Amino acid sequence: MPIDSELLIDWFDSCARDLPWRRPECTPWGVLVSEIMLQQTPVARVEPVWHEWLARWPVPSALAAASHGEVLRAWGKLGYPRRALRLHAAASAIAEEHGDVVPSDVDTLLSLPGIGSYTARAVAAFAYGKRAPVVDTNVRRVVARAVHGAGDAGPPSNTRDMADVAAILPDDEARAARFSAALMELGAVVCTARSPRCADCPVYDDCAWQKAGRPAYSGPAKATQKYAGTDRHVRGLLLDVLRGTPEPVWKSSLDVVWSDAGQRDRCLDSLLVDGLVEQTQDGRFALPGEH
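Encoded structure:
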């Protein structure tokens, strides 16, 4: 096997970060919430918000009973707030169609609104100990290096990436789930993109990248994501105003957050289209359901 599962799981058992959604007492609902929050958001920002959400909404039906406005306020500055509404929609479906219990199989999870391929497999593996290939950026990088000897992963390919990971998963369900978590952890804390800590790697001796002399990545250039000045930045500023007031606001209160009127109005329109903001009958703006 290109990656020694025994070595990797032993390392994970002794060195993994103590994250609340990994603890035995965490419910499948807690795992699902964590997976949605962790998409494109660092652990350090997610953890305090995750604790607040689980204390406030410990089961899907509790979140389903909340308004969109409450959910967006509680989401705070995690970014990509449409994720909050997708999680709310999934909670409603789980409460209504699955007896308030998060489904355990990938196909049923995929049938939930807002749940994609990665999240469905992550919940099946990490909440229920199923054997399912779980592929994120960190996993793709570890496989590219340890298995293929490349400096980093190339452009994503769902079919190829899934097959790559499925090929190295242990056959036993519980061990496969543990291995999936360990693979992800290795990419997050050791086999990092810019400064990999190869001396700390449990599979160093078998790593194809090491054996090849650690060649530099030679694939297509990766797009770098900027934030300042983007529409996402401006949308966040507009939402900050609405989260900071209990009452609907006039447009003049929103106009002050960004000087480019064309971009600002375009972003406000997109928030209205996405259902993240609503306009009242008298022309003011509010979070959904809060007017």
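Numbering follows full-length UniProt numbering, in which position 150 of the sequence shown is assigned residue number 150; successive positions increment by one, without gaps.
Backbone N, C-alpha and C define an ideal beta-carbon position, used for all residues, glycine too.
What you are looking at is a predicted structure, and each value in this text was computed from that prediction instead of being measured.
Check: Mind checking whether the beta-carbon of W57 lies closer than 6 Å to any heavy atom of the ligand ZN?
Finding: Looking for the ligand ZN in the displayed structure turns up nothing, as the structure carries no ligands at all.
Next item on the list: Would you mind listing the alpha helix (DSSP H) stretches within the UniProt domain "HhH-GPD" (37–189) that are 4+ residues and don't spill past its ends, in chain order?
Entry: 43–56, 60–64, 68–75, 82–97, 106–110, 117–128, 137–146, 158–168, 173–189
Check: Once you ignore the five residues that flank P215 on each side, which residues in its own chain have a CB closer than 6 Å to its CB?
Finding: Taking the first residue of the sequence shown as position 1, residue 215 is located at position 215. G151, listed in sequence order.
Next item on the list: Would you check if there are 3 or more beta carbon pairs closer than 8 Å linking the stretch 127–147 to the stretch 163–181?
Entry: yes
Check: With C-beta atoms as the reference, is A95 less than 7 Å away from P60?
Finding: As a first step, residue 95 must be located in the sequence shown, where it is residue number 95. As a first step, residue 60 must be located in the sequence shown, where it is residue number 60. Yes, the pair counts as a contact, with Cβ atoms nearer than the cut-off.
Item checked: Integer-rounded CB distance, given that G213 should sit under 8 Å from N138 -> For the purposes of this step, residue 138 is taken as residue 138 along the sequence shown, with counting starting at 1. For the purposes of this step, residue 213 is taken as residue 213 along the sequence shown, with counting starting at 1. That pair is no contact at about 23 Å.
Next item on the list: Determine, using beta-carbon pairs with one atom in the stretch 272–290 and one in the stretch 57–76, whether at least three such pairs fall under 8 Å.
Entry: yes
Check: If we ignore side chains and look at the alpha-carbon of each, how far apart do V190 and D100 end up?
Finding: Here residue 190 refers to the residue found at position 190 of the sequence shown. Here residue 100 refers to the residue found at position 100 of the sequence shown. Each residue's Cα considered, the two are about 37 Å apart.
Checklist line | Buried or exposed (CB count within 10 angstroms, at least 16 for buried), A64 | finding: As a position in the sequence shown, residue 64 is number 64, starting the count at 1. Per the 10 Å Cβ criterion, buried.
Margin query: To the nearest angstrom, how far is the alpha carbon of L237 from that of D10?
Written below: Residue numbering aside, residue 237 sits at position 237 when the sequence shown is read from its first letter. Residue numbering aside, residue 10 sits at position 10 when the sequence shown is read from its first letter. In a straight line, the C-alpha of L237 is about 45 Å away from that of D10.
Check: Anyone know if the C-beta pair for T280 and P246 falls short of 7 Å?
Finding: By 1-based counting over the sequence shown, the position of residue 280 is 280. By 1-based counting over the sequence shown, the position of residue 246 is 246. The answer is no: Cβ separation not under 7 Å.
Next item on the list: Evaluate T119 with the Cβ neighbour count: other Cβ atoms within 10 Å of its Cβ, from every protein chain shown; 16 or more gives buried, anything less gives exposed.
Entry: Start at 1 with the first residue of the sequence shown, and residue 119 comes out as number 119. Label assigned to T119: buried.
Notebook entry, point to check: Alpha carbon to alpha carbon, how far is D4 from R140?
Noted result: Within the sequence shown, the letter at position 4 stands for residue 4. Within the sequence shown, the letter at position 140 stands for residue 140. Cα to Cα, the separation comes out at about 17 Å.
Check: Who are F285's beta bridge partners in DSSP?
Finding: Numbered from 1 along the sequence shown, position 285 holds the residue referred to as residue 285. The partner list for F285 (beta bridge, DSSP) reads V249, Q279.
Item checked: Assigned secondary structure, R197 (DSSP; H/G/I helix, E/B strand, else coil) -> Working through the sequence shown from its first residue, we reach residue 197 at position 197. Coil, per DSSP.
Notebook entry, point to check: Quick one: what does DSSP say E25 is sitting in, helix, strand or coil?
Noted result: One-based indexing of the sequence shown puts residue 25 at position 25. In this structure, E25 counts as coil in the three-state DSSP scheme.
Item checked: Pairwise C-alpha distance: R178 and A286 -> By one-based count along the sequence shown, residue 286 stands at place 286. By one-based count along the sequence shown, residue 178 stands at place 178. Those two C-alpha atoms are separated by around 44 Å.
Next item on the list: Might you give, ordered along the chain, the residues of its own chain that have their beta carbon closer than 6 Å to the beta carbon of A182, omitting 5 neighbours on each side?
Entry: Here residue 182 refers to the residue found at position 182 of the sequence shown. Answer for A182: L8, I9, F12, listed in chain order.
Item checked: DSSP-derived helix/strand/coil call for Y217 -> The residue labelled residue 217 in the question sits at position 217 within the sequence shown. It is coil, neither helix nor strand.
Check: What did DSSP end up calling W258 once you bin it into helix, strand or coil?
Finding: Numbered from 1 along the sequence shown, position 258 holds the residue referred to as residue 258. Coil at W258, not helix or strand.
Notebook entry, point to check: Taking buried to mean at least 16 other C-beta atoms within 10 Å of its own C-beta, is W50 buried or exposed?
Noted result: Residue 50 sits at position 50 when you count from the first residue of the sequence shown. Buried.
Notebook entry, point to check: Looking at the C-beta of G154, does it have a partner C-beta in chain C at a distance below 7 Å?
Noted result: Going by chain labels, chain C is absent from the structure shown, which holds only one protein chain.
Notebook entry, point to check: When DSSP labels each residue in this structure, what does L8 get in the three-state scheme?
Noted result: Mapped onto the sequence shown, residue 8 falls at position 8. L8 falls in the helix class under three-state DSSP.
Checklist line | Pairwise C-alpha distance: P133 and A166 | finding: By one-based count along the sequence shown, residue 166 stands at place 166. By one-based count along the sequence shown, residue 133 stands at place 133. Approximately 5 Å, taken between the alpha carbons.
Item checked: Cβ neighbour criterion (16 or more within 10 Å) applied to S34 -> Position 34 of the sequence shown holds residue 34. Buried: at least 16 other Cβ atoms inside 10 Å.
Next item on the list: Write down the C-beta distance between S270 and R232 rounded to the nearest angstrom, noting that I regard them as a contact closer than 8 Å.
Entry: As a working mapping, residue 270 is identified with position 270 in the sequence shown. As a working mapping, residue 232 is identified with position 232 in the sequence shown. Actually they do not touch by this definition, with Cβ atoms about 10 Å apart.
Next item on the list: Would you tell me roughly how many angstroms separate the C-alpha atoms of L110 and V102, rounded to the nearest one?
Entry: On the sequence shown, position 110 is the one that residue 110 refers to. On the sequence shown, position 102 is the one that residue 102 refers to. L110 and V102: Cα-Cα distance of roughly 12 Å.
Check: If you compare alpha carbons, which of Q39, T27, P42, T108 is closest to W57?
Finding: Translated into the one-based positions of the sequence shown, residue 57 becomes position 57. With distances taken between Cα atoms, W57 lies closest to T27.
Notebook entry, point to check: With respect to the alpha helix (DSSP H) encompassing Q210, which residues constitute its N-terminal and C-terminal limits?
Noted result: In the sequence shown, residue 210 corresponds to position 210, counting from 1. Taken as a continuous stretch (DSSP letters only), the alpha helix (DSSP H) holding Q210 covers 208–211.
Margin query: Contact defined as beta carbons within less than 8 Å: I believe L112 pairs with I36. What is the distance between those atoms, to the nearest angstrom?
Written below: To locate residue 112, count along the sequence shown from 1; it is residue 112. To locate residue 36, count along the sequence shown from 1; it is residue 36. Not a contact, Cβ separation roughly 11 Å.
Item checked: For R284 and W209, believed in contact at Cβ under 8 Å, the rounded distance -> Within the sequence shown, residue 209 is the residue found at index 209, counting from 1. Within the sequence shown, residue 284 is the residue found at index 284, counting from 1. Not quite, the Cβ-Cβ distance comes to about 57 Å (not below 8 Å), so this is no contact.
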